[in-house]
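Numbering (my numbering), first residue to last: -15 to 192.
Note that CB positions come from ideal geometry on N, CA and C, so glycine has one too.
A short worksheet on the structure shown next.
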């Protein structure tokens, strides 16, 4: 027989799992049917949690969508940071350095095709709040890539001058190509994405 204390602990354990279940449900349903076509009730049914659980974990469907986006974006950032600190990166040419960075990022964010679709397709045009959140991440990536571009310019491997405009275009290109992957994951492979992002970046930065 489970006593009152055991019951309380069981309820607490269930609630601790609700967020993870809802994140998995959002990833599955948003990718399969679209964010706009998925209700809170459907999410809770998929997650096997009571409907009240949703409002206890997320303030809205948008908040769940943003949390799913953040999972993917954080995974990509950590992968890029790890390769940036890896052995041999300081000796790499700009082309190889960009290739390694993009390869790490692309493989991290596309590892789960459902998560990639949610992060790069389903977030588009949802609301001003979601757009501003994505823009915040894009600004951070622009700063990251600007540092790389300035490093390359100091080494004489790309054009001189202010690289910020080129980097801004680069970050939009990254999102557009990943959205392309999100819609057609079997046709747009990680290797193709890495090659294309490396090629476009070098052109935009004025590499000879």
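Minimum Cβ-Cβ distance from residue i to chain D less than 7 angstroms
i: residue 78; result: Considering every chain present, this structure includes no chain D. It has just one protein chain.
Helix, strand or coil at residue i according to DSSP, with G and I counted as helix
i: residue 170; result: coil
i: residue 147; result: coil
i: residue 138; result: helix
i: residue -7; result: Its pLDDT being 46, under 50, residue -7 is placed unreliably in this model, and the value from its coordinates should be taken loosely. Helix at residue -7.
i: residue 178; result: helix
i: residue 104; result: helix
i: residue 19; result: coil
i: residue 4; result: helix
i: residue 71; result: coil
i: residue 114; result: helix
i: residue 109; result: coil
Limits of the unbroken alpha helix (DSSP H) element including residue i
i: residue 64; result: 45 to 68
i: residue 97; result: 97 to 101
i: residue 92; result: 78 to 93
i: residue 25; result: 24 to 31
i: residue 191; result: From DSSP, residue 191 is part of no alpha helix (DSSP H); its letter is neither H nor E.
i: residue 39; result: 36 to 41
Rounded separation between residue i and residue j - CA only
i: residue 12; j: residue 27; result: 9 angstroms
i: residue -10; j: residue 5; result: Per-residue confidence for residue -10 stands at a pLDDT of 45, beneath the threshold of 50, marking its modelled position as unreliable; no derived number is given.
i: residue 80; j: residue 167; result: 28 angstroms
i: residue 90; j: residue 98; result: 14 angstroms
i: residue 19; j: residue 88; result: 28 angstroms
i: residue 68; j: residue 180; result: 20 angstroms
i: residue 50; j: residue 92; result: 18 angstroms
i: residue 102; j: residue 159; result: 12 angstroms
i: residue 169; j: residue 61; result: 21 angstroms
i: residue 164; j: residue 113; result: 23 angstroms
Proximity of residue i and residue j at Cβ, strictly below 7 angstroms
i: residue 94; j: residue 174; result: yes
i: residue 9; j: residue 25; result: no
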